[in-house]
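Visitor:
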Amino acid sequence: MPKSGKKGLKKQISLTSDVKLSDFANCSARAGRLRKSVGNSLSKEIEDIRNVDETLWYERDLEDFQFLNLSTENRKKLRSKVNHVESPDGSGICYPIDVWFLIGHYIKPEDVKVFASICKDSHRVSRSYSFWMKLYKRYYQPSDHLPARLQPECIEQVFGLKTRVVRALYQMYPQFINQLSTCLLTTDVYCLTNLCCTLMWRIQQNGKWLFHFKFKAATNVLDIPFSNKFAKKDWWACQDSSGKKQDLFVNYNPDEGCKILRFACSHYVLVPPMVMGSRLCDVRINLANDMRRQKLQLTFGHSNYRQSSRGSNMHKENIGCSDVVEFDAVENLMILNWWHPQYPFEYSA
C-alpha cells in the first residue's frame with residue numbers, strides 16, 4: 001500500500017513558516033536555550049535602554065550618556081606627507097611674559113638666538129628695549145675703550161638700539177673679541193658672489209690706496225620698515241605706550257645683510273662708476289707679478305647676468321656686458337660684517 005501523504009504536508013508547513021537566519025547560514029542551528037543568568041542580564045539591559053529613551057536628554061544623569069573612548073595602542077603608524085598641525089589644546093604651559101623678562105636677565109649674548117626661538121613671548125622679549133639695555137649694562141665696564149657713539153650717554157636712544165649694543169659687545173665681551181681674533185677674515189671672500197654692489201669709495205693712506213666695496217644681498221622692499229614715505233608716516237604713527245611699533249625702532253639696522261670688501265693697493269686703479277648697482281659675478285684671487293702678493297679680479301655683471309646649476313656643474317651665462325676690474329699687488333684683504341669694530345659707517349642719530 002502507498003504511504004500516507006505526510007511528506008507533502010511537511011513541505012507545505014515549511015513554506016508557510018517564517019524565514020529564519022539559520023535557514024541561510026552555513027553552520028547548523030544551535031541546540032538548546034540560553035541560560036537564565038544570560039537571559040536575565042539581556043532583558044535588564046533592554047529595559048534600561050527603553051527607560052532611558054523615554055526620558056528627555058536634560059533629565060538624564062551624566063552616567064546615562066555613552067562616551068566614545070578611542071584607544072591608540074594597537075593603531076598602526078601611517079606615513080603621510082601632510083604636515084601635522086599642532087592643536088591649540090596641547091599639553092604645553094603658557095607662562096606670563098614677566099617670567100620671560102626675568103629669564104632674559106641671565107641670557108648670555110651668544111644664547112640670544114636660542115632664547116628667542118623658544119616661544120612667541122621669548123621672541124617678543126628679545127626684541128624689547130629693556131632686554132638689550134640690560135644686556136649692555138651687564139657687560140659694560142668704564143675701562144673699556146668704546147667710541148663715543150657706543151657710550152652709555154649715547155646708546156640709550158631707542159632708534160637702532162640693538163645694532164649699537166651688538167657692536168659694543170664685539171668690543172667688550174671677551175668671547176666675541178676672541179672670535180674676531182681667531183677667525184680668518186679672507187676665508188669667505190667667495191661668499192660675495194651674486195651680491196649687489198651698492199657703494200664704492202677709495203682713500204689714500206700712508207702712500208697706498210685703500211679701496212672699499214659695499215655689497216648687500218637682495219631684500220624685499222616690504223621687509224624694510226623705514227623707506228621713503230613709509231618711514232615718515234610710521235615714525236609719527238608710532239605707539240610707544242602700547243609697544244606695538246616700538247620693536248621696529250629698537251631692531252632697526254640699515255646695514256643688515258651688508259658686507260664690505262676692503263683691501264689696500266700700492267697704486268691707483270680706475271674703477272668704472274657702473275659697478276655701483278651691479279652684481280658681482282665672479283671673484284678670483286691669484287698671485288701677483290712679483291709672486292709675493294695677491295692679485296684680485298672682480299667681475300661685475302648687470303641685470304642680464306644669471307647663474308644656475310645643472311647637475312654637479314655650475315652653468316654661467318652672461319647675456320649682457322660685464323666690467324672686469326683687476327687689482328695687482330693687493331694687501332690686507334678683509335671682509336667686514338656690520339658688527340665688526342672696523343666696519344666703516346656713517347653715524348647720524
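Each residue of the sequence shown is one higher than the one before, starting from 1 at the first, in full-length UniProt numbering.
Backbone N, C-alpha and C fix where the C-beta goes; we use that ideal spot for every residue, glycine too.
Model, not experiment: these values are computed from the prediction.
1) So is residue 20 buried or exposed if we call it buried at 16+ other beta carbons inside 10 Å?
2) Count the other CB atoms within 10 Å of the CB of residue 292; is the residue buried (16 or more) or exposed (fewer)?
3) Which stretch, first to last residue, makes up the alpha helix (DSSP H) that contains residue 163?
4) Per DSSP, what kind of secondary structure is residue 111 in: helix, strand or coil?
5) For residue 295, write down the residues that DSSP places opposite it in a beta bridge.
6) Three or more C-beta pairs under 8 Å: does that hold for the stretch 170-182 against the stretch 197-213?
7) Kindly indicate which three-state DSSP category residue 261 falls into: helix, strand or coil?
8) Answer yes or no: do residue 278 and residue 301 have a C-beta to C-beta separation smaller than 8 Å?
9) Sorted by chain position, which residues of the same chain lie with C-beta nearer than 8 Å to residue 123's C-beta, five sequence neighbours on each side aside?
10) Could you spell out where the beta strand (DSSP E) holding residue 209 opens and where it closes?
11) Report buried or exposed for residue 162, applying the criterion of at least 16 other Cβ atoms within 10 angstroms of its Cβ.
12) Could you give the first and the last residue of the continuous alpha helix (DSSP H) run that contains residue 99?
13) Flag this pair as touching only if the stretch 143-150 and the stretch 127-134 have three or more C-beta atom pairs under 8 Å; answer yes or no.
14) Rounded to a whole number of angstroms, what is the C-alpha to C-alpha distance between residue 211 and residue 264?
15) Let me make sure I understand the geometry here. Which of 284, 294, 322, 267 has the alpha-carbon closest to that of residue 273?
16) Quick one: grab the DSSP three-state call for residue 322.
17) Between the alpha carbons of residue 297 and residue 181, how many angstroms are there, rounded?
18) For residue 353, count the other beta carbons within 10 Å of its own beta carbon; 16 or more makes it buried, fewer makes it exposed. Which is it?
19) What would DSSP say about residue 338, mapped onto helix, strand or coil?
20) Going by alpha carbons, who is nearest to residue 283 out of 259, 189, 249?
21) Taking the beta strand (DSSP E) that residue 200 belongs to, which residues open and close that run?
22) Which of the three DSSP states is assigned to residue 156 in this structure?
23) Buried or exposed, going by whether 16 or more other CB atoms sit within 10 Å of the CB of residue 136?
24) Tell whether a beta-carbon distance below 8 Å holds between residue 325 and residue 271.
25) Please classify residue 102 as buried or exposed, where buried requires at least 16 neighbouring CB atoms within 10 angstroms.
26) DSSP on residue 345, reduced to helix/strand/coil?
27) Would residue 338 pass as a contact of residue 247 if the rule is Cβ separation under 8 Å?
Guide: Let me lay it out:
1) It is exposed - the Cβ of residue 20 has fewer than 16 other Cβ atoms within 10 Å.
2) Residue environment: residue 292 is assigned as exposed (fewer than 16 neighbouring CB atoms within 10 Å of its CB, all protein chains considered).
3) That run of the alpha helix (DSSP H) goes 161-172.
4) Residue 111 falls in the helix class under three-state DSSP.
5) Answer is 286.
6) No contact exists between the stretch 170-182 and the stretch 197-213.
7) Of the three classes helix, strand and coil, the one that applies to residue 261 here is strand, per DSSP.
8) Yes, these two residues count as a Cβ contact at 8 Å.
9) Taken in chain order, the residues that qualify are 116, 117.
10) Per DSSP, residue 209 belongs to the beta strand (DSSP E) from 208-216.
11) Buried: at least 16 other Cβ atoms inside 10 Å.
12) Here the alpha helix (DSSP H) through residue 99 covers 97-104.
13) In short, these stretches do not touch, since the Cβ pair count stays below three.
14) So the alpha carbons of these two residues sit roughly 6 Å apart.
15) Residue 322 is the option with its Cα nearest to residue 273.
16) In this structure, residue 322 counts as strand in the three-state DSSP scheme.
17) Straight-line spacing of the CA atoms in residue 297 and residue 181 works out to 27 Å.
18) Absent from the model: residue 353. The displayed extent of the chain is 1 to 349, so no value can be given.
19) If DSSP states are grouped into helix, strand and coil, residue 338 belongs with coil.
20) Out of 259, 189, 249, 189 has the C-alpha closest to the C-alpha of residue 283.
21) Note, residue 200: beta strand (DSSP E), 196-205.
22) Looking at residue 156 - three-state DSSP - the assignment turns out to be coil, as it is neither helix nor strand.
23) It is buried - the Cβ of residue 136 has at least 16 other Cβ atoms within 10 Å.
24) In contact: residue 325 and residue 271 (Cβ atoms closer than 8 Å).
25) Looking at its Cβ environment, which holds fewer than 16 other Cβ atoms inside 10 Å, residue 102 is exposed.
26) The answer is coil: DSSP assigns residue 345 none of H, G, I, E or B.
27) No, Cβ-Cβ distance for residue 338 and residue 247 is not below 8 Å.
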